[in-house]
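Protein chains in written order, with our numbering: chain C, 95 to 480; chain E, 11 to 131.
We treat Cβ as the ideally placed atom computed from N, Cα and C, and that holds for glycine.
Structure first, commentary second.
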Amino acid sequence: MKVYLDHAATTPLLPEVLTYYSEVLRDYPGNASSLHYEGQRSRELYNWAKQKIADCINADYDEIVFTSGGTEADNIALFGYLKATKKDRPNRKKVITSTIEHEAVIETVKELGEQGYDIYFAPVDEKGIVDIEYLKDNIDDQTAICSIMYANNEVGTLQPLKEISQLCREAGCIFHTDAVQAMGKVNIDVSDIGVDMLSASAHKFYGPKGVGFLYVKKGTPLEPVFYGGGHEKGLRSGTENVPGVAAMAKALELVTEKIDEKRDLYSRWTDQILETCKQLEGVQINGDPENRTPGSMSLSFSGVNGEALMGMLSMEDIAVSTASACSSHSHRKGGSHVLSAMHCSEEFINGTIRVVTGYDSNDEQIDYFCDKLVEKVNLLRRLSNG
Amino acid sequence: MAERYSRALMKHFTDPQNIGKIENSTLAATGFNESDGDGVKFYLKLEDDVLKDVKYTIKGCPRAIAASSFTSEAIKGKTIEEILQLDPKKIFDELGIDESFTCISMPLNAVKRALKEYSES
Chain C
95 MKVYLDHAAT TPLLPEVLTY YSEVLRDYPG NASSLHYEGQ RSRELYNWAK
145 QKIADCINAD YDEIVFTSGG TEADNIALFG YLKATKKDRP NRKKVITSTI
195 EHEAVIETVK ELGEQGYDIY FAPVDEKGIV DIEYLKDNID DQTAICSIMY
245 ANNEVGTLQP LKEISQLCRE AGCIFHTDAV QAMGKVNIDV SDIGVDMLSA
295 SAHKFYGPKG VGFLYVKKGT PLEPVFYGGG HEKGLRSGTE NVPGVAAMAK
345 ALELVTEKID EKRDLYSRWT DQILETCKQL EGVQINGDPE NRTPGSMSLS
395 FSGVNGEALM GMLSMEDIAV STASACSSHS HRKGGSHVLS AMHCSEEFIN
445 GTIRVVTGYD SNDEQIDYFC DKLVEKVNLL RRLSNG
Chain E
11 MAERYSRALM KHFTDPQNIG KIENSTLAAT GFNESDGDGV KFYLKLEDDV
61 LKDVKYTIKG CPRAIAASSF TSEAIKGKTI EEILQLDPKK IFDELGIDES
111 FTCISMPLNA VKRALKEYSE S
C-alpha cells in the first residue's frame with residue numbers, strides 16, 4: 095500500500111482535473127493571443143478560467159494575473175509594487191515580512207534589502223503566530239509593503255490576516271499574502287480579509303504544476319519585473335498556458351466546494367494520529383492546534399533524527415517530509431528556520447516530520463501510518479539507546 | 011530516496027549491524043554533531059591490540075547510521091594499527107556518498123581518535 099502524506103509539498107491531480115487537463119491539451123491547440131478561430135477558442139477558455147478563479151476567492155475577473163506558480167507571483171507582487179511606486183512614494187522604504195515565510199518571500203525580501211530597502215522580519219510565538227505588537231510598532235508611514243503568509247508550510251498555522259490588513263490600511267501601505275498553503279484548504283475571501291495582493295499555486299490544490307496566480311486588488315500599482323509580449327496586462331509576459339489555467343480553475347472549483355467536508359474528515363484523522371503520538375513519550379506537536387490548515391501536522395520526536403524517520407517510513411511506502419536536513423553537509427541548511435523561529439529546541443527540530451493528509455488519503459492508510467510511526471520511532475530510539 | 015541513497019547505504023540503514031552496548035568494553039569512542047545533537051558512541055573490546063568486539067548506539071541521519079554500521083564491520087577483528095590506517099574514503103565509496111557529508115566519516119574518525127589516545131596512554 096502506498097501512503098502519500100506529503101500534501102503540503104505537492105498534491106496529485108484530481109482524476110477529474112487530469113481528464114479535463116488532457117482534453118484541453120488535446121482540443122485547444124490555439125495560442126490564446128491569436129486572432130483566428132483557434133486562438134479565440136483558447137482565449138474564451140482562458141477567460142473562463144480567470145473568472146472561475148476570481149469567483150472562488152470573491153475577486154473580480156480583472157484582478158487575477160496568471161503566473162507560473164507561487165514564487166513568480168510573490169516576486170511580481172513585491173518587486174512589481176516597489177518598482178511602480180519608487181518615484182511617487184520615495185519615503186516608503188520599509189518592507190516588512192515574518193521570520194517564518196517561505197523562501198519565495200524571504201529571499202525576495204533579502205534581495206530588496208540588498209537594493210536599499212529597510213527590511214524587517216517580524217518574530218512569531220511558539221505556535222507560529224506572527225507578533226502583532228511588533229507589526230503595530232513597525233508598520234507606519236515609512237512602510238511600503240507588508241507580506242505575511244496566510245498559512246505556514248511547515249506547521250500549518252494560520253495568521254491573523256484581517257488584523258494585519260487593518261494595520262496596513264491605517265498606515266497606507268500595501269498588504270500582500272502568500273496563500274500557497276491555504277488555497278483550497280480554507281475558504282478565502284479577499285474582500286473580507288482586506289488584502290491587496292495574494293499569491294497561489296495550482297499544484298498545492300490538486301491542479302497542475304507550473305501554474306499559479308496573483309490576485310491584485312483594483313488600483314494597486316504594479317509594474318512588470320520581466321518583459322516580453324505584454325501578456326497579462328504586461329505583468330507576466332509569455333504565451334498563455336491555457337491547459338494549465340483551465341485545469342487550475344477546475345481544481346480550485348472542485349476543492350472549494352469540498353472545503354467543509356474535508357475539514358471534518360481531516361480533523362478525524364488528525365485526532366487519530368495525535369492520539370497515536372501520545373503512546374510515544376517525548377513527542378511535541380508544533381503549530382497552533384486551534385488554528386491551522388486542516389490535515390497538517392508537524393510532529394517532533396526526541397531521540398530520533400527526522401530524516402532517518404522519514405527514510406524508515408519511506409521504506410514502508412509512506413511518504414512524509416522532514417523539517418531537518420543533515421547539517422553535516424557544507425552546502426545544506428540545517429534545521430528548519432520556521433521551528434527555530436518558534437523557539438523549538440534543537441533536539442525537537444532535529445526529530446521533526448511533517449504529515450499532511452489529502453484527498454487520496456483513506457482510513458486504511460491512516461491506520462497503517464499510525465502503526466508504522468510507532469514501530470519506526472521505537473526502532474530508532476532503540477538504535478540510540480542500545 | 012533511490013537517487014540520494016545507494017543500495018549499499020540502504021542495506022546498512024535499514025538493517026544496521028552490531029547495534030548495542032558492551033558491558034565490559036575496553037574503551038568507548040564518541041562522535042557528536044553539536045549543531046543538531048546527533049551522535050554515535052562505540053563500545054570497543056580489545057584483546058592484545060586486536061578489536062575482538064564492537065557495538066554502538068546512534069542517533070543520526072540515514073547516512074550516519076549506515077556509516078556506523080559499515081564502520082563496525084570494517085574494524086571488527088582488525089588490529090589497532092590496521093584500524094588507524096583505514097581511509098574514510100573507502101566508506102564514502104562503498105556507500106556511494108560524496109565526501110562533503112561529514113556524517114559518513116564521523117564514526118571512523120571517532121574510533122580512530124579514541125584508539126590513538128588509548129595507544130598513546
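{"query": "Give, in chain order, every residue of the region 19-32 of chain E whose Cβ lies closer than 7 Å to some Cβ of chain C.", "result": "Phe23, Thr24, Pro26, Ile29, Gly30 and Lys31"}
{"query": "For lysine 69/E, would you say it is in contact with chain C, using Cβ-to-Cβ distances shorter than 9 Å as the test?", "result": "yes"}
{"query": "Specify the secondary structure class of aspartate 100/C as computed by DSSP and reduced to three states.", "result": "strand"}
{"query": "Kindly indicate the opening and closing residues of the beta strand (DSSP E) around cysteine 240/C.", "result": "237-241"}
{"query": "Under 8 Å, with one C-beta from each stretch per pair, do the region 344-357 of chain C and the region 272-289 of chain C reach the 3-pair mark?", "result": "yes"}
{"query": "CA-CA distance, arginine 330/C and glycine 304/C?", "result": "14 Å"}
{"query": "Below 8 Å on the Cβ atoms is my guess for valine 4/E versus phenylalanine 52/E; work out the distance and round it to an integer in Å.", "result": "Residue 4/E cannot be examined here, being either before or after the span of chain E that is shown, 11 to 131."}
{"query": "Listed from N- to C-terminal order along the chain, which residues in the region 434-451 of chain C have their beta-carbon within a distance smaller than 8 Å of any beta-carbon of chain E?", "result": "Glu440, Glu441, Ile443 and Asn444"}
{"query": "Indicate whether at least one CB of chain E lies closer than 9 Å to the CB of methionine 406/C.", "result": "yes"}
{"query": "By the criterion of Cβ-Cβ separation under 7 Å, what are the contact partners of proline 117/E in chain C?", "result": "Near proline 117/E there are no residues of chain C at all, since even the closest Cβ is about 12 Å away, more than 7 Å."}
{"query": "Could you pull out every residue in the same chain whose Cβ sits closer than 6 Å to the Cβ of glutamate 195/C, ignoring the five residues on either side in sequence?", "result": "Met243"}
{"query": "Note down the Cα distance separating valine 199/C from asparagine 169/C, rounded to an integer number of angstroms.", "result": "8 Å"}
{"query": "Any idea if arginine 386/C is buried or exposed, counting beta-carbon neighbours within 10 angstroms, 16 or more meaning buried?", "result": "buried"}
{"query": "What does DSSP give as the partner residues of leucine 37/E in its beta bridges?", "result": "Leu54/E"}
{"query": "With DSSP collapsed to three states, give me the class of leucine 316/C.", "result": "coil"}
{"query": "Count the C-beta pairs between the region 131-150 of chain C and the region 370-378 of chain C that are closer than 8 Å, then say yes if the count reaches three, no if not.", "result": "no"}
{"query": "Taking glycine 210/C as the reference, give the member of Arg120/C, Lys188/C and Val218/C with the closest Cα.", "result": "Lys188/C"}
{"query": "Do valine 449/C and methionine 391/C have their C-beta atoms within less than 9 Å of each other?", "result": "yes"}
{"query": "Thinking just about the alpha-carbon of each residue, which of Lys122/E, Gly49/E and Asp103/E is nearest to the one in alanine 18/E?", "result": "Asp103/E"}
{"query": "Taking C-beta pairs closer than 8 Å, name the residues in chain E that glutamate 401/C reaches, listed in chain order.", "result": "Cys71 and Pro72"}
{"query": "Report the residue from Gly338/C, Ala296/C, Phe395/C and Gln236/C whose alpha carbon sits nearest the alpha carbon of alanine 103/C.", "result": "Ala296/C"}
{"query": "Distance, Cα to Cα, tyrosine 321/C vs glycine 332/C?", "result": "9 Å"}
{"query": "In whole angstroms, what separates the C-alpha of serine 241/C from that of phenylalanine 215/C?", "result": "10 Å"}
{"query": "If you draw a straight line from the C-alpha of lysine 298/C to the C-alpha of threonine 446/C, how long is it?", "result": "22 Å"}
{"query": "Give every residue of the same chain whose Cβ lies closer than 6 Å to the Cβ of alanine 340/C, excluding the five residues on either side of it in the sequence, and list them in chain order.", "result": "Val118, Leu139 and Ala143"}
{"query": "Around the Cβ of glutamine 260/C, are there at least 16 other Cβ atoms within 10 angstroms (buried) or fewer (exposed)?", "result": "exposed"}
{"query": "Quick check on lysine 86/E - is its C-beta less than 9 Å from some C-beta in chain C?", "result": "no"}
{"query": "Within 9 Å (strictly less), CB to CB, does leucine 477/C reach chain E?", "result": "yes"}
{"query": "Between the Cα of valine 319/C and the Cα atoms of Val289/C, Arg357/C, Gly250/C and Ala171/C, which residue gives the shortest distance?", "result": "Ala171/C"}
{"query": "Compute the distance between the beta-carbons of glycine 381/C and lysine 356/C, then report whether it is under 9 Å.", "result": "no"}
{"query": "Report, in whole angstroms, the separation of the C-beta atoms of lysine 69/E and serine 478/C, which I expect to be a contact under 8 Å.", "result": "4 Å"}
{"query": "Considering just the uninterrupted stretch of the beta strand (DSSP E) at glycine 306/C, what are its terminal residues?", "result": "306-310"}
{"query": "Under the DSSP definition of a beta bridge, which residues are partnered with methionine 391/C?", "result": "Val449/C"}
{"query": "So asparagine 481/C is in the alpha helix (DSSP H); what residue range does that whole segment cover?", "result": "Given that chain C is displayed from residue 95 to residue 480, the structure contains no residue 481/C and the question cannot be resolved."}
{"query": "Is there a Cβ from chain E that is less than 9 Å from the Cβ of leucine 99/C?", "result": "no"}
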